[in-house]
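For reference, the structure is listed below as structure tokens.
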């Protein structure tokens with residue numbers, strides 16, 4: 009047997025209907041759950057201002073999605089003024105430059121970059137020097153490329169070890 | 050074994066720069082009392098003797114200039130405030146006095162007590178509240194970057210407490226060497242060539258094959274070919290590449306904090322956007338040390354790694370036996386197998402923690418080695434401290450993967 013369920017009349021849809029006590033309760037339950045969300049996931053909406061079913065359903069949708077963990081957090085961009093490549097190097101960057109220089113000084117003089125690190129004072133200068141030496145260590149620095157094995161052999165301690173190895177092989 | 054561990058194929062660690070737990074996450078206590086952050090009543094004396102409370106006034110840039118001192122002697126002052134008692138108890142009362150030494154400006158020195166409200170750092174605080182946040186993750190040494198990062202790579206700093214270049218002791222292999230020798234895969238992804246790595250003397254010099262770039266990391270995530278273990282270094286400098294400005298993303302003072310937030314977001318998105326990778330990866334975000342910025346939790350004693358730093362290096366007039374950890378730092382573990390909003394070692398209402406689990410940077414190679422190389426200790430190639438350190442993969446404890454549809458919009 010097939011029972012025909014009549015369609016509601018067109019005029020029955022009314023999203024501007026005032027919310028019932030049931031929906032009011034649902035809103036207050038949703039609001040309670042919202043308070044436990046991290047502050048930047050909260051809508052900031054006062055539920056007392058929600059008067060219609062349309063407004064209520066929109067609020068309930070937002071909170072339900074957030075409770076399901078479905079949310080996109082907008083991450084603000086830093087202002088353009090944040091960029092300052094002429095900023096003086098921090099102690100950390102000074103140390104990083106010194107570490108790269110420590111490695112470079114183990115290379116034969118003709119393979120070195122010729123950079124005087126005492127003149128490297130800014131972040132941009134540090135990046136230029138560090139980039140140059142990193143590229144050389146990766147063997148992608150063009151003409152000044154120094155094969156790592158050969159470069160290591162220039163370190164006095166390592167040179168002795170390398171020499172011993174070579175002598176052994178011979 | 051929990052299914053999250055069964056599914057685990059990749060561990061990724063992102064190590065940021067120089068921010069304390071309270072400075073970054075201390076404001077979360079207001080919404081979750083289990084998080085051991087700030088009540089607002091924490092204070093330090095300034096150079097006039099006035100007690101200055103913590104304040105939610107931290108800004109993205111421009112406040113912490115000059116860079117707060119965080120060499121060993123300065124951190125000793127921050128923790129002990131010049132106490133000569135025997136034994137000394139860490140009071141965490143010397144932060145303003147330490148910062149005052151640099152500019153002799155009382156008003157400016159109080160800024161070391163500033164912290165961020167959670168809405169200012171939406172990425173880190175969302176991840177901390179969505180996944181697992183550690184109440185007790187400390188830097189390994191009460192000192193600066195290089196020796197603290199060494200603990201993340203080697204499980205020891207070979208007796209170093211300074212920023213000077215040093216050579217690794219051949220008895221202790223780096224986590225990359227260990228994995229490489231076992232035919233596993235590992236990579237350090239630095240941001241780009243001009244930013245490069247902090248691990249130059251021992252690893253880049255001898256083993257450049259372990260290195261890749263951030264761009265490559267994003268591509269590896271997309272194509273699902275991430276190594277077993279990845280360690281990511283942020284951009285350490287403002288510099289140009291082909292005329293395009295590259296903002297430092299490390300959050301080291303005085304670099305812009307929002308640039309670091311966006312960097313963290315892109316790392317998370319890269320893993321999350323590949324469903325197979327997301328299900329099989331644990332991402333740890335951690336800071337190398339506190340950068341001289343206030344935290345209220347006294348660092349605990351720890352097992353020595355067998356080395357001793359001499360007074361000429363500590364600058365305190367005393368040797369250091371590596372028997373106390375450094376200041377607490379933010380640490381967040383991210384995986385769909387971690388319960389939502391987990392606080393590791395939660396704070397009780399009376400302010401105590403039951404049997405706190407103490408983590409430090411040696412927990413990184415400790416965890417990675419235990420997971421990928423369970424038979425490694427037959428060769429005795431790591432420190433006793435690392436062998437006994439707290440590890441974190443048990444936090445992937447869910448029986449079913451969570452549906453986490455969190456994404457960060459960085460457009």
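Residue numbers (the numbering used here), protein chains in the order written: chain A, 9 to 178; chain B, 50 to 460. Backbone N, C-alpha and C fix where the C-beta goes; we use that ideal spot for every residue, glycine too.
Burial is judged here by how many other beta carbons sit within 10 angstroms of a residue's own beta carbon; residue 178/B has at least 16 and is buried.
Annotation for residue 67/A: the continuous alpha helix (DSSP H) segment containing it runs 61-75.
Residue 14/A has its alpha-carbon roughly 51 Å from the corresponding atom of residue 383/B.
For residue 262/B, the enclosing beta strand (DSSP E) covers residues 260-262.
Contact annotation: in the stretch 184-218 of chain B, residues whose CB is within less than 7 Å of a CB in chain A are 194, 195, 212 and 214.
With respect to the C-alpha of residue 291/B, the residue from 407/B, 73/B, 241/B and 221/B having the closest C-alpha is 241/B. Of the candidates 51/B, 52/B, 62/B and 50/B, 62/B places its Cα closest to the Cα of residue 278/B. In this structure, the CA atom of residue 200/B is about 20 Å from the CA atom of residue 347/B.
Residue pairing from DSSP places residue 102/B in a beta bridge opposite 92/B.
Closest in C-alpha terms to residue 222/B, from the list 83/B, 446/B, 121/B and 256/B, comes 256/B. If one requires a minimum length of 4 residues, the alpha helix (DSSP H) runs lying completely within the stretch 76-112 of chain A are 99-112, in chain order. Membership of residue 55/B in the alpha helix (DSSP H) is indicated by the continuous run 52-56.
Assignment of residue 310/B by DSSP, reduced to helix, strand and coil, places it in the helix class.
Assigned with DSSP and collapsed to three states, residue 30/A falls in helix.
Here DSSP, grouped into helix, strand and coil, assigns residue 141/B to coil. Residue 89/A and residue 404/B have their C-alpha atoms some 47 Å from each other. For residue 41/A, no Cβ of chain B is located within less than 7 Å of the residue's own Cβ. A Cβ-Cβ contact shorter than 7 Å links residue 107/A with residue 250/B.
No Cβ of chain A is located within less than 7 Å of the beta carbon of residue 328/B. The beta-carbon separation of residue 302/B and residue 113/B, rounded to 4 Å, stays under the 8 Å limit for a contact. Taking every protein chain shown into account, the CB of residue 345/B has 16 or more other CB atoms within 10 angstroms, so this residue is buried.
Residue 377/B has its alpha-carbon roughly 15 Å from the corresponding atom of residue 402/B.
A Cβ-Cβ distance of about 7 Å is found for the pair residue 434/B and residue 353/B, placing them in contact under the 8 Å criterion. Apart from sequence neighbours up to five positions away, the residues of its chain that approach residue 363/B with a beta-carbon distance below 8 Å are 121, 122, 125, 210 and 369, ordered along the chain. Per DSSP, reduced to three states, the secondary structure at residue 124/B is helical.
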